[in-house]
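Numbering (the numbering used here), first residue to last: 25 to 426. The C-beta atom is built at its ideal place from N, Cα and C for all residues, glycine as well. As the structure is a prediction and not an experimental result, all values here were calculated from the model.
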Ligand code: SF4
């Protein structure tokens, strides 16, 4: 039982009237002691919940990377070039690698695409997941050509014998299988059973698929549940995390354009990851997949789940702002992407409040009227013309020693 502040004050006053100060002090020692213990215990358990699922998922190797069992959460994306076009797919994958992508998925709808995996693999440096729909032969062909993992829905590849053939091939090569279910293709019987597309239905569907693979005596699996409904998606992950110890690939599917996709993904992934759930992530956006990587890194670093990279903070601007702060902040954000520094950079709009408001940043710039300031941990270290601010910040970052 907890007591809110005003209730505690009323209670304290009534005790004082009835029994005097000594009793109040004695009782409140116990109440405070209770509250402190409650706070410590709840913090302890919350921390345990946050840590527990991710730390106890099965460890699965994908190519030369390892996920599950508390290993770092890896960022995935998917190419949107035809996989048959080796040049275009390699070029896009290399750009994604450069941005920080750690696992890439390529669709394999044709034999030509499944065969292209072999050539693509030779020219990229991160594990490749072959995405298979309907045709089990593409799964086998992709694995024979070096796919590090396959993504299938065992419910739509044509029956038990086909699943067995795919699992046999995966087993021989120790290749993990990602079992995916999507709210858009939830089985009719589960939609009817749960009165619509629900988190419970998605979890039941996913566990049914997992069982199909387990019945073939294989357990190198990763599960993914996708829904474009953020709350259903988050709830499904919470339920699944209580029922399975396979690593989870998490993401909000069909999240939308840069604007709405980023917001939905940040909210959904934020809820899921903060509960200690999720071993790999994808931010699904309609646009250049490089944007997915930038957003995924930001979500992970905001949640304290990944270190490294400069965090740029900037003020919202107000009537005091006399410089093009929007342009400056965007330039700074682009500029810092090349630095592997774990620091905070502030971009502030005025010389009056800027230095104070940038106090928590390691370094910052603040604009004035035609001139600007360079600030280090809230202290002004240099004054210069506005046009030199960006270059001055760059020089500081180039020579950063902490
Ligand atoms: S830092 Fe200055 S310009 Fe920016 S919001 Fe604060 S007062 Fe306004």
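What do you reckon, is the C-beta of residue 381 under 6 Å from a heavy atom of the ligand SF4? yes
Expressed to the nearest angstrom, what Euclidean distance is found between the alpha-carbon atoms of residue 413 and residue 398? 7 Å
Residues in the same chain with beta-carbon distance under 6 Å from residue 247, minus the five sequence neighbours each way, listed in chain order, please. 203, 230, 270 and 272
Kindly examine the ligand SF4 and report whether one of its heavy atoms sits closer than 6 Å to the Cβ of residue 378. yes
Entirely within the stretch 305-347 and at least 3 residues each: give me those beta strand (DSSP E) ranges in chain order. 335-338
With a CB to CB cut of under 8 Å and the five nearest residues on each side skipped, what residues in its chain are close to residue 72? Bear in mind that the predicted position of residue 72 carries a pLDDT of just 46, short of 50, making it unreliable; the figure below should be weighed with that in mind. Nothing listed; no residue qualifies.
For the beta strand (DSSP E) that contains residue 202, what are its first and last residues? 201-206
Can you give me the C-alpha to C-alpha distance between residue 215 and residue 142, rounded to a whole angstrom? 39 Å
Taking all protein chains shown into account, do 16 or more other C-beta atoms lie within 10 angstroms of the C-beta of residue 129, making it buried, or fewer, making it exposed? buried
Residue 344 Cβ short of 6 Å to the ligand SF4 heavy atom set: yes
Just the Cα atoms here: how many angstroms apart are residue 238 and residue 85? 18 Å
Alpha-carbon to alpha-carbon, residue 224 and residue 63: Below a pLDDT of 50, predicted positions are generally treated as unreliable, and residue 63, at 44, falls in that range; the measurement from the model is reported next regardless. Their Cα atoms are separated by approximately 32 Å.
Consider the C-beta atom of residue 493 and the heavy atoms of the ligand SF4; say whether any pair is separated by less than 6 Å. Because the chain spans 25 through 426 in this model, residue 493 falls outside it and cannot be assessed.
Between the Cα of residue 188 and the Cα atoms of 133, 210, 233 and 152, which residue gives the shortest distance? 233
Where do the ends of the alpha helix (DSSP H) carrying residue 273 lie? No alpha helix (DSSP H) contains residue 273, which is instead part of the beta strand (DSSP E) from 272-274.
What is the DSSP secondary structure of residue 70, reduced to helix, strand or coil? Any answer about residue 70 is weak, because its pLDDT of 46 lies below 50 and its placement is not dependable; what the coordinates show is given next. Correct three-state label for residue 70: helix.
Tell me whether the beta-carbon of residue 281 lies closer than 7 Å to the beta-carbon of residue 310. yes
Per DSSP, residue 87 is paired with what? Residue 87 pairs with nothing; no bridge assigned.
Assuming residue 422 is part of the alpha helix (DSSP H), what are its boundary residues? 413-422
Residues that DSSP places opposite residue 168 in a beta bridge: None; residue 168 has no bridge partner.
Along the chain, where does the alpha helix (DSSP H) that runs through residue 262 open and close? 254-267
For residue 364, does the count of other Cβ atoms within 10 angstroms reach 16, so buried, or fall short, so exposed? exposed
Taking the alpha-carbon positions, what's the residue 347 to residue 366 distance? 27 Å
Is residue 388 near the ligand PLP, judged by its Cβ being under 6 Å from some heavy atom? The ligand PLP is not among the ligands present in this structure, which contains only the ligand SF4.
Does DSSP put residue 355 in a helix, in a strand, or in coil? helix
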